[in-house]
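Going line by line, the protein sequences match chains A and B.
Start counting the first sequence at 1; every next residue gets the next number (the UniProt record's numbering).
Start counting the second sequence at 1; every next residue gets the next number (the UniProt record's numbering).
We treat Cβ as the ideally placed atom computed from N, Cα and C, and that holds for glycine.
Before any comments, here is the structure.
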Amino acid sequence: MAKITKEEVIEVAHLARLAITDDEAVHFADQLQAITNAMELLNELDTENVEPTTHVLSMVNVLREDKAEAGLDRELVLKNVKEHEAGQIKVPTILD
Amino acid sequence: MSLADKTAAQLQEMIHTKETTIAEMAEKAFGRIAELDSDVDAFLALDQEGALKKAAQLDEVAMDERGPLFGLPIGVKDNIVTEGIETTASSRILEGFNPIYNATVVEKLNAAGMVIVGKLNMDEFAMGSSNENSYYKNTKNPWNLETVPGGSSGGSAAAVAAGEVPFTLGSDTGGSIRQPAAFCGVVGMKPTYGRVSRFGLIAYASSLDQIGPITRTVKDNALLLNVISGHDEKDSTSANVEVPDFAAALTGDINGLRIGVPKEYFAEGVGEAAKQAVRDALKVLEEKGATWEEISLPHSKYALATYYLIASSEASSNLSRFDGIRYGYRTEKAGNLLEFYMNTRSEGFGDEVKRRIMLGTYALSSGYYDAYYKKAQKVRTLIKQDFDKAFEKYDVIIGPTTPTPAFKIGEKIDDPLTMYANDILTIPVNLAGVPAISIPCGFENGLPLGLQIIGKYFDEETVYRVADVFEQATDFHKKTPQVWEGAAK
């Protein structure tokens, strides 16, 4: 079993867009190690010829008519936006 | 006049004979919440003004236009969106979020004339088994305020157990309806995956999540499932199958019923009291004409690991939508967009949510995908096949809902793996997608124990029929918890 390092946790946290401190990274490394160790149990099973299950019901390609419908009202959509101006959502500067 | 111990039918009778009105009933519910919820802490947001106004309007509707749950109060788990009522999924990242539309189930409650009184506490984003992962408060178990109500639908189960409302909705991804129902001594049903629309349910693990009813009796549970079931165009995973009248399935007749009892559900780690309560329950069902045999669901022990890999992977994807841009919590500390995302999410999510997002991100990342995520999906197939095989020969599968009754607040919160082990008997059901109910079947040290009855795909009727026969033959559901003493009824 691969050892989960602090650096790996920081990389995973970055992929998940989570800011974590070094102390937190050490703590999460220990916990994720314990959890993934417990997951190793699955390797007892030979699943070479087993199909994966992504969905329990035998449904495929649920389609509907391609028909345009009115969307949500703009004023309503902006109701939960922290900062907006002239019907636009404001975000921080992304380019210097 | 007492309302807290009444069934839907009794409440309707009281309305029809003008002993009470819908408005008075709603007022009483808020009165009892005001009296008890400072101890129980089941509710987050309350909509007293909206509910009382609606109740008064409902009183004007002609009696012959009313269905079985018309005018009755209900609470809704806080991961189900309610237009105009704050919905947080117990997370800081959704603090103050005011939905602009209703979940399909909420539309259905409204169409049935039910009165939504408020939103119920839960583990953040439904991740947890004790309600200790709520950002806002710890819900307590009404049977013993020092113990947890279970989770993640702990608020939903505790509110019913405390008699605050006769009906609530919960959601169940790995046991989140059945485990708190067992801990709080109430009836909780996880329907077949696809039976109830998930539109407006804040997604945790989309291939496992299912909304279901929590009530004091089996009949009331069946009546509420009647209301919320059915295909929905807005949820492409909702099943286009006929919805029977679940309440009509309660015939009282289980003569010839074949029960499978998995030996894995009586393994090490399952408490003696929980095992004995199930053995006693089987005797009751035998007396009513059922037969039972020991069976094996050989892949049960792999369910926990399979579940945490699949659920965390799906969660890491589902929870990527919380970025602070369009709604919810937004950080104050950000120099650029990346920092904005990272700080918003780190400040907005709790530890257990971060842990699962990271586990899921890890399991889906390049180099680990086959070893973890795909492996888990393959084992899921084996677990599902265990059930398929068992149901060729048996009508229902019965075992305990949880290994032990409710544990003390704080006892397991620092050890994720011990906390996860609570769900070993409920998780296989979600992986397979079949329906299962938990009903009260005994007590250990004054705390309730749950009997789990698992059914075939879309055969909630048989599950309800068996549950009802057991309930009618026993009086566990008539016992009331500690907080009822001295409370206004």
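Within chain A, the residues Pro52, Thr53, Thr54 have their CB atoms less than 7 Å from the CB of Gln377 (chain B), given in chain order. Cβ contact annotation for Lys412 (chain B) (same chain, cutoff 6 Å, sequence separation greater than five): Thr418, Met419, in chain order.
Burial state of Ala305 (chain B) is buried, judged by a 10 Å Cβ sphere holding 16 or more other Cβ atoms. Identification of chain A residues near Pro416 (chain B) by a Cβ-Cβ cut-off of 9 Å yields Gln31, Ala34, Ile35, ordered along the chain. Around the beta-carbon of Gly150 (chain B), 16 or more other beta-carbon atoms lie within 10 Å, marking it buried. For Arg345 (chain B), DSSP records no beta bridge to any residue. Closer than 9 Å to the CB of Ile357 (chain B) there is at least one CB belonging to chain A. In the displayed model, Ser58 (chain A) falls within coil according to three-state DSSP, outside both helix and strand. Shown here, Ile357 (chain B) sits in a helix according to DSSP, grouped into three states.
Look at Trp484 (chain B) here: in three-state DSSP terms it is helix.
A Cβ-Cβ separation of about 34 Å leaves Val284 (chain B) out of contact with Lys108 (chain B) under the 8 Å criterion. Within chain B, the residues placing a beta-carbon under 8 Å from that of Ile20 (chain A) are Ser346, Lys354, ordered along the chain. Out of B:Ser156, B:Asp468, B:Lys275, B:Glu242, the CA that lies nearest to the CA of Val40 (chain B) is found in B:Ser156. The beta carbon of Ala56 (chain B) lies closer than 6 Å to those of Ala23 in the same chain, with the five residues before and after it left out. Within chain A, no residue has its CB atom less than 9 Å from the CB of Ile397 (chain B), the nearest being about 16 Å off. Glu293 (chain B) is bridged by DSSP to B:Gly260. By DSSP's assignment, Thr168 (chain B) forms a beta bridge with B:Gly75, B:Ile214.
For Ile10 (chain A) and Thr474 (chain B), the gap between their C-alpha atoms comes out near 55 Å. Pairing Thr17 (chain B) with Leu11 (chain B), the inter-Cα distance amounts to about 10 Å. Secondary structure of Ala159 (chain B) (DSSP, three-state): helix.
Within 7 Å of the CB of Thr361 (chain B), the CB atoms of chain A belong to Val12, Leu15, Ala16, in sequence order along the chain. Assignment of beta strand (DSSP E) within the segment 225-275 of chain B, counting only whole runs of 3 or more residues, yields 258-262 in chain order. For Lys53 (chain B), the enclosing alpha helix (DSSP H) covers residues 48-58. In chain order, Asn98, Ile100 make up the part of chain B whose C-beta sits under 8 Å from the C-beta of Lys79 (chain A).
The contact set of Ala38 (chain A) on chain B, defined by CB atoms closer than 7 Å, consists of Ala305, Leu417 in chain order.
Excluding its 5 nearest sequence neighbours in each direction, Glu83 (chain A) has C-beta neighbours in its own chain below 6 Å: Lys90, listed in chain order. Put simply, the CB of Thr5 (chain A) is far from chain B, with every gap to its CB atoms at 9 Å or more. For Val9 (chain A), the neighbours in chain B by C-beta distance under 8 Å run, in chain order, Met358.
Counting only residues of its own chain and dropping the five nearest sequence neighbours on each side, Val243 (chain B) has a CB closer than 6 Å to the CB of Ser229, Gly230. Apart from the 5 residues on each side of it in sequence, Thr361 (chain B) sits with its Cβ closer than 7 Å to the Cβ of Ser316 in its chain, given in chain order. Contact check for Ala281 (chain B) and Phe443 (chain B): beta-carbon distance about 13 Å, past the 8 Å limit, so the pair fails to qualify. Shortest Cα-Cα distance from Glu124 (chain B) to any of B:Gly486, B:Leu225, B:Ser91 involves B:Ser91. When Cβ-Cβ separations below 9 Å define contact, Val62 (chain A) makes contact with chain B. Apart from sequence neighbours up to five positions away, the residues of its chain that approach Lys456 (chain B) with a beta-carbon distance below 6 Å are Phe391, ordered along the chain.
Scanning its chain for C-beta atoms nearer than 8 Å, with the 5 sequence neighbours on each side dropped, one finds around Glu286 (chain B) the residues Trp292, in chain order.
Distance between Ala112 (chain B) and Leu69 (chain B), taken at the CA atoms: about 7 Å.
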